[in-house]
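Engineer: According to my numbering, the sequence shown is numbered sequentially starting from -10. All C-beta atoms in this analysis are idealised placements derived from N, C-alpha and C, irrespective of residue type, glycine included. Values in this document were obtained by computation on a predicted structure and should not be read as measured data.
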Amino acid sequence: MSTCKCKRALLVGTIALGPVALLFLILSLSTDYWLIFEVDRSKLSESIKKRSAENMIDGRWTYTRHQGLFRECYTDTDAKFLRLDPRKSDPVIDGKCFYIHHDLPDSTAGSSEFYISRIHLIRSHIACFILSIIVLFLSHMLDFCLLRYKYSEWMYVAAVGAFTSAFLITIGIACFHGTKYLEDNKIPDIGPYTQYYVSWDSEVQKYTYQKYGWSYAFGWIAVGLCAVNAILYAILGLSLQREFSKPGKKQKIKKTGKNTKKRKRSDVNAIAVPSPSLYDMYQGYSGYPAYHDYYSYPEYNMYYSQPTYHPTYNYELFNAYL
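(1) Got a sec, what are the start and stop residues for the beta strand (DSSP E) Gln199 sits in?
(2) Is the beta carbon of Gly161 closer than 9 Å to that of Leu125?
(3) Assuming Leu14 contacts Ile122 under a Cβ cut-off of 8 Å, what Cβ separation, rounded to an integer in Å, is found between them?
(4) Less than 6 Å between C-beta atoms, sequence neighbours within five positions excluded: which residues of the same chain meet that for Pro8?
(5) Quick one: measure Cβ to Cβ for Phe26 and Thr53, integer angstroms, because I've assumed they're closer than 8 Å.
(6) For Ser191 and Lys32, what's the separation of their Cα atoms in angstroms?
(7) Which term fits Tyr88, buried or exposed, when burial requires 16 or more other beta carbons within 10 angstroms of its beta carbon?
(8) Among Asp173, Gly213, Leu12, whose alpha-carbon lies nearest the alpha-carbon of Lys200?
(9) Just the Cα atoms here: how many angstroms apart are His317 and Cys(-5)?
(10) Cα-Cα, which of Ala219, Glu102, Leu12, Asp21 is closest to Ser128?
(11) State buried or exposed for Ile158, treating a residue as buried only when at least 16 other CB atoms are found within 10 Å of its CB.
(12) Starting from Gln56, trace the beta strand (DSSP E) both ways and give me its first and last residue.
(13) Strictly by DSSP, which residues pair up with Val28?
(14) Taking all protein chains shown into account, decide if Glu142 is buried (16 or more other Cβ within 10 angstroms of its Cβ) or exposed.
(15) Going by beta carbon distance, what residues of the same chain come within less than 8 Å of Leu93, once the five residues before and after it are set aside?
(16) For Ser154, does the count of other Cβ atoms within 10 angstroms reach 16, so buried, or fall short, so exposed?
(17) Give me whichever residues DSSP pairs with Gln184 in a beta bridge.
(18) What would DSSP say about Tyr22, mapped onto helix, strand or coil?
(19) Report the residue ranges of all beta strand (DSSP E) runs contained in full by the segment 84 to 157; include only those spanning at least 3 residues, in chain order.
(20) Per the DSSP calculation, Cys62 is bridged to which residue(s)?
(21) According to DSSP, is Ala216 helix, strand or coil?
(22) Our contact map puts Phe118 next to Leu18 with C-beta atoms below 8 Å; I'd like the distance itself, whole angstroms only.
(23) By alpha-carbon positions, which one of Arg40, Thr51, Leu16, Leu11 ends up nearest to Tyr185?
(24) By the 10 Å Cβ neighbour count, where 16 or more other Cβ atoms means buried, how is Gly208 classified, buried or exposed?
(25) Is it buried or exposed for Tyr198, if we count other Cβ within 10 angstroms and need 16 for buried?
Put into structure tokens, the structure is as follows:
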């Protein structure tokens, strides 16, 4: 009874963890809080403040903002650069956000190698998260089949799917860290709407504080949930496999008389061929002696407790086969 309840609890746990992990993964991918840049504008010089208010490019890096995989949004919606003519700049979304461009430039001659590598890394990050969502969704669909058909093989397939999803998320987060490293240390490019830490003014670098947001944390939570889900699938599949591999109850042989017993088959008696009659054996029948053990017949032991030797019977050959 306790084993049945334990298996039921494991199955309920896998069904519950799947949608939760999927929810955290989707929120991590779609929200704009992977990185948070806090800028202490009170310590910036007046020249930088004035230039940032009148210039779109300078203004984007001197205000507090939070960044995701697709957008970068600002907390101060009253900033002047957000109200500039969108036809002369990158269009403003929802009055406070800008799209993050992941397109390769038409000509890579004016772009550094690190900038191109950054684009490939951020694309790989997004691709890994999308693949992880698909794999996790498909593995969770097996839960509904497992409610009806509890096959251990399907449990192992679901476990591999959940583990693969966790692995893909981890690769995506590793690509994100690679992107951040390039942006903070290697990319000197200044594009029309892009500028990174190396190209910032020294004052802006000094009074800008970076930290990871809750979207980044949601990604790691999804990794943990997928890993736990994979372990539960594996445990449940192992328990089902052990249950199905248990030998059945042995059938009892009813004894109807003292001469009735279970017949033992020797190695030489493994091939089933028509058995000779008692008369043939008594008369010295020597056809296929290797496949017959006449001592195993109760009728023979009953009427012929001591075998009668016949002069034409090859007993040495018969005993050699036995």
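Structural biologist: The structure says:
(1) For Gln199, the uninterrupted beta strand (DSSP E) run begins and ends at 197 to 201, by DSSP.
(2) It is not a contact, given that the beta carbons lie outside the stated cut-off.
(3) A Cβ-Cβ separation of about 6 Å places Leu14 in contact with Ile122 under the 8 Å criterion.
(4) Within the same chain, and ignoring the five residues on either side of Pro8 in sequence, no residue has its Cβ closer than 6 Å to its Cβ.
(5) Right, the Cβ-Cβ distance comes to about 6 Å (below 8 Å), so this counts as a contact.
(6) Within the model, the alpha-carbon separation for Ser191 versus Lys32 is close to 12 Å.
(7) Sixteen is the threshold: since fewer than 16 other Cβ atoms of the shown chains lie within 10 Å of the Cβ of Tyr88, the residue is exposed.
(8) Nearest C-alpha to Lys200: Asp173.
(9) The chain is shown only over -10 to 311; residue 317 falls outside these bounds and no answer can be derived.
(10) Minimum Cα distance to Ser128 is reached at Ala219.
(11) That one is buried.
(12) DSSP places Gln56 in the uninterrupted beta strand (DSSP E) bounded by 54 to 56.
(13) DSSP output for Val28 lists Thr197 as bridge partner(s).
(14) Residue burial annotation: Glu142 is exposed, with fewer than 16 other C-beta atoms found within 10 angstroms of its C-beta.
(15) These residues qualify, in order along the chain: Ile105, Ile108.
(16) With at least 16 other beta carbons inside 10 angstroms of its own, Ser154 counts as buried.
(17) In the DSSP secondary-structure assignment, Gln184 is bridged to Ile179.
(18) In the structure shown, Tyr22 sits in coil (DSSP, three-state: anything other than H, G, I, E or B).
(19) List check, beta strand (DSSP E) in window: 86 to 88.
(20) Cys62 is bridged to His55, Cys86.
(21) Note: Ala216 maps to helix in three-state DSSP.
(22) Phe118 to Leu18, Cβ: 5 Å. Contact.
(23) The residue from Arg40, Thr51, Leu16, Leu11 with its alpha-carbon nearest to that of Tyr185 is Thr51.
(24) Label assigned to Gly208: buried.
(25) Under the 10 Å beta carbon count, Tyr198 is surrounded by fewer than 16 other beta carbons and is classified as exposed.
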